[in-house]
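As numbered in my numbering, residues 752 to 990 make up the sequence shown, in order. For glycine and all other residues, C-beta sits at the position ideal for the given N, C-alpha and C.
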Amino acid sequence: MRSLLVTVLSFSAFWCSACNSGPAVYPASSAASATTVPSTAPTIDRFQREIDAYLESDRLSPPPQYAVVFAGSSSIRGWRTLGKDFSDLEVVGRGFGGSQVIDVIRYADVLILKLRPRTVVFYCGENDIASRKVSAEDVCRLFNTFVDLVHRELPQTKIVFISLKPSPSRMQFIDEIRRANRLVKSYAETDPTLSYVDVFTPMLDDAGQPRAELFLNDRLHMTPAGYALWTRLVRPYLD
752 MRSLLVTVLS
762 FSAFWCSACN
772 SGPAVYPASS
782 AASATTVPST
792 APTIDRFQRE
802 IDAYLESDRL
812 SPPPQYAVVF
822 AGSSSIRGWR
832 TLGKDFSDLE
842 VVGRGFGGSQ
852 VIDVIRYADV
862 LILKLRPRTV
872 VFYCGENDIA
882 SRKVSAEDVC
892 RLFNTFVDLV
902 HRELPQTKIV
912 FISLKPSPSR
922 MQFIDEIRRA
932 NRLVKSYAET
942 DPTLSYVDVF
952 TPMLDDAGQP
962 RAELFLNDRL
972 HMTPAGYALW
982 TRLVRPYLD
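The structure is reproduced here in structure tokens:
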């Protein structure tokens, strides 16, 4: 698996033409390139406690194979009602807080691939853009890398990308978030195993501002109402 990961990171997704439209918002000196993204992302060690907790939980109570795996950052980790929201499906949560797409790629073998999921629901990329080191193009290329990694091992697995949300605390990045969403949507349309779920637009009010009732006081993470909306929007892609 390690050699496969190195190969995919080195050669695959960075040739994705759908991820290369429009100029990068950040200066070239700070934007992550295909070869520098791993070094600008958070280090692996900061997530070790959460990863170890998942591995210990898996040891004590092995999760189901061929389930729907929800993977990504804290918006997935905070989805405490997954089992209830999708009670008719076998679902597994694999989110860890503060993660960027490169971190999900690094841990894909132990958190995702070993479960051989039939579907992966993916939410990540918002932290990347908020870091000011990763552009919309980088998010799309890294998601392409994640897709290649999954499909080299599990070619029939479907991958559902939940669009980046309009977090009130990150409105200074809203244009880059919109652009990342457009790029990923275009990329997803090139592959029948991929789906793109627009949660960005339904999370805005009539004035085009984030709906306050969907976010906690930190203006970043979601309330139960936010997750109820996501459940309704994601559901059709899992049926």
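Measuring C-alpha to C-alpha distances from V901 to each of V861, E940 and V843 identifies V861 as the nearest.
The count of Cβ pairs closer than 8 Å, one atom from the stretch 848-856 and one from the stretch 803-814, stays below three, leaving the stretches out of contact.
Taken through DSSP and simplified to helix, strand or coil, P815 comes out as coil. Residue burial annotation: A976 is exposed, with fewer than 16 other C-beta atoms found within 10 angstroms of its C-beta. Around the C-beta of S808, fewer than 16 other C-beta atoms lie within 10 Å, and the residue is accordingly described as exposed. If you draw a straight line from the Cα of R845 to the Cα of A958, it is about 34 Å long. K936 and A769 have their C-alpha atoms spaced approximately 9 Å apart. Residue environment for E877: buried (at least 16 other C-beta atoms within 10 angstroms of its C-beta).
In this structure, V819 keeps its C-beta atom at 8 Å or more from the C-beta atom of V885. G844: member of the beta strand (DSSP E) spanning V842 to G846, first to last residue. Secondary structure of L945 (DSSP, three-state): strand. In this chain, I910 is not harboured by any alpha helix (DSSP H); it is covered by the beta strand (DSSP E) spanning K909 to I913. The criterion of a C-beta distance shorter than 8 Å is satisfied by L915 and N932.
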